[in-house]
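These notes concern the structure reproduced below.
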Amino acid sequence: MTPTGNTKPQLPASQRLDLRHVNIEYVVDRVESALMTRLHRDQVVKKRRSMGYRSDRGTWVRIECRGLERLDGQGWGLEAAGVLASVPIPAWHAGLSWHDPARQVMWRADETALIDEPPIGRSIAASSLPDSWWTELDRAMEALAEASTTRLATPDLKPISVERVRTAIAKVFPDAETPIEEWSTAHADLNWANMTGPELWILDWEDWGRAPRGLDAANLWFSSLAVPGLADKVLERRRADLESVTGRTMRLFKCAELLAWAAEDEPLHAPAARAVRDLLGGTAMSRAS
307 MTPTGNTKPQ
317 LPASQRLDLR
327 HVNIEYVVDR
337 VESALMTRLH
347 RDQVVKKRRS
357 MGYRSDRGTW
367 VRIECRGLER
377 LDGQGWGLEA
387 AGVLASVPIP
397 AWHAGLSWHD
407 PARQVMWRAD
417 ETALIDEPPI
427 GRSIAASSLP
437 DSWWTELDRA
447 MEALAEASTT
457 RLATPDLKPI
467 SVERVRTAIA
477 KVFPDAETPI
487 EEWSTAHADL
497 NWANMTGPEL
507 WILDWEDWGR
517 APRGLDAANL
527 WFSSLAVPGL
537 ADKVLERRRA
547 DLESVTGRTM
557 RLFKCAELLA
567 WAAEDEPLHA
577 PAARAVRDLL
587 GGTAMSRAS
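Here our numbering is used: position 102 in the sequence shown is 408, and no number is missing along the way.
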């Protein structure tokens, strides 16, 4: 669906609307009516582009705002993720979506099983996860990688592609080689805030799909660089992905995305720069040096 009439070009919804600061009570009213349940509005979990609520029947309801520019024919990620076997995803129960012409966005609500296990959140909290958690993560990531799908991953709301990866790296490391030889199925937003512990559940599936091998592992490795020993732990567990030809490119991609804009006082700047020197053998000219 696309807007009609004399609609002027506008910023993507992710830049126009921050749900942490926008009143969407009329959206919540509609979701409650359609799902025939009441949401605990005083316990809402707010993020930039989604909001989550417990329901009065012991389920979880996630409401997402998506700009019309993101209607790509792939469907809604959480509902589609129901086909992924052996991956710890909250069971999906029901969903609804509609066009909001006043805001020029699509709204989507999904009702799922309620997961009481808390998100890990900050990377420092991941340091104390038991070995059993890492074993479950390995199993989940291997099952996900092997899943067949026609969906294309959309990390940070944008479709992944060879051109996107190489362009991002070339901005910072113009002489770096960036081979991408393998693709697999990925969550595409795998970070410590989207996983629970000590029992593993993986949350927020709106961006999953095919991606260069190692994207998920590179996300975790990169977000762990500032915590002593944690990135090494991720590398140890996911070495086959991260040390593959494509996996090394994905690690460089994650570092380049940050180093393109970050000042030296950014906590991840120094460890990312050191990681790049290891990846490139200290030979490339870059802003990280």
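Glycine is no exception: its CB is placed at the ideal position from the N, C-alpha and C atoms.
Query - Under 7 Å between C-beta atoms of G383 and W514 - result: Cβ distance < 7 Å, so G383 and W514 count as in contact.
**Report entry** Separation of F559 from S592, as counted between CA atoms
**Finding:** Interpretation of S592 is limited by its pLDDT of 40, a score under 50 that renders its predicted location unreliable; the figure taken from the coordinates is listed afterwards. Rounded to whole angstroms, the gap between the alpha carbons of S592 and F559 is 13 Å.
Report task. Let me know if S529 comes out buried or exposed under the rule of 16 or more other beta-carbons within 10 Å of its beta-carbon. Result -> Buried is the call here.
Report task. Could you tell me the distance, in whole angstroms, from the CA atom of G587 to the CA atom of G520? Result -> One Cα belongs to G587, the other to G520, and the distance between them is close to 20 Å.
Query - Nearest candidate by alpha-carbon position, reference S297, set R583, V540, D444 - result: Summary: the structure shown does not reach residue 297, with the chain confined to residues 307 through 595, and so no result is reported for it.
Query - Three-state secondary structure (DSSP) of S356 - result: Correct three-state label for S356: strand.
Query raised in the report: Contact between the stretch 439-447 and the stretch 497-515: three or more CB pairs below 8 Å?
Result: At 8 Å Cβ cutoff, the stretches touch.
**Report entry** Beta-carbon proximity check, T522 vs A492, cutoff 7 Å
**Finding:** Sequence check: residue 522 is Asp here, not Thr. Their beta carbons are under 7 Å apart, which means D522 touches A492 by this criterion.
Query raised in the report: A431: which of V328, R580, T502, A524 sits nearest, CA to CA?
Result: It is T502.
Report task. Counting only the same chain and skipping the five closest in sequence on each side, list residues whose C-beta sits under 6 Å from that of V551. Result -> Excluding residues within five positions, the ones whose Cβ falls inside 6 Å are P485, E487.
Query - the stretch 353-361 in contact with the stretch 385-405 per 3-pair CB rule at 8 Å - result: Verdict: no, contact absent.
Report task. Assign W398 to one of three DSSP states: helix, strand, or coil. Result -> The answer is strand: DSSP assigns W398 an E or B state.
Query raised in the report: Whose C-beta lies closer than 7 Å to the C-beta of H386 among residues of the same chain, with five residues either side of it excluded?
Result: Residue 386 is actually Ala in this sequence, not His. Counting only residues of its own chain and dropping the five nearest sequence neighbours on each side, A386 has a CB closer than 7 Å to the CB of R457.
Query raised in the report: Run through DSSP, which three-state label would N312 get?
Result: Caution is warranted here: a pLDDT of 46 is assigned to N312, below 50, making its placement in the model unreliable, and the coordinate value is therefore given only provisionally. It is coil, neither helix nor strand.
Report task. Leaving aside the five residues before and after P465 along the sequence, list all residues of the same chain whose C-beta is less than 8 Å from its C-beta, in chain order. Result -> If we look at P465 and ignore the five residues flanking it on each side, its Cβ neighbours are D378, L458, A459.
Report task. Run the CB neighbour count on R368, radius 10 Å, all protein chains shown included, and call it buried at 16 or more, exposed below. Result -> Residue environment analysis places R368 among the buried positions, since at least 16 neighbouring C-beta atoms fall within 10 angstroms of its C-beta.
Report task. Can you give me the start and stop residues for the alpha helix (DSSP H) that P577 sits inside? Result -> Per DSSP, the continuous alpha helix (DSSP H) segment holding P577 begins and ends at 575-586.
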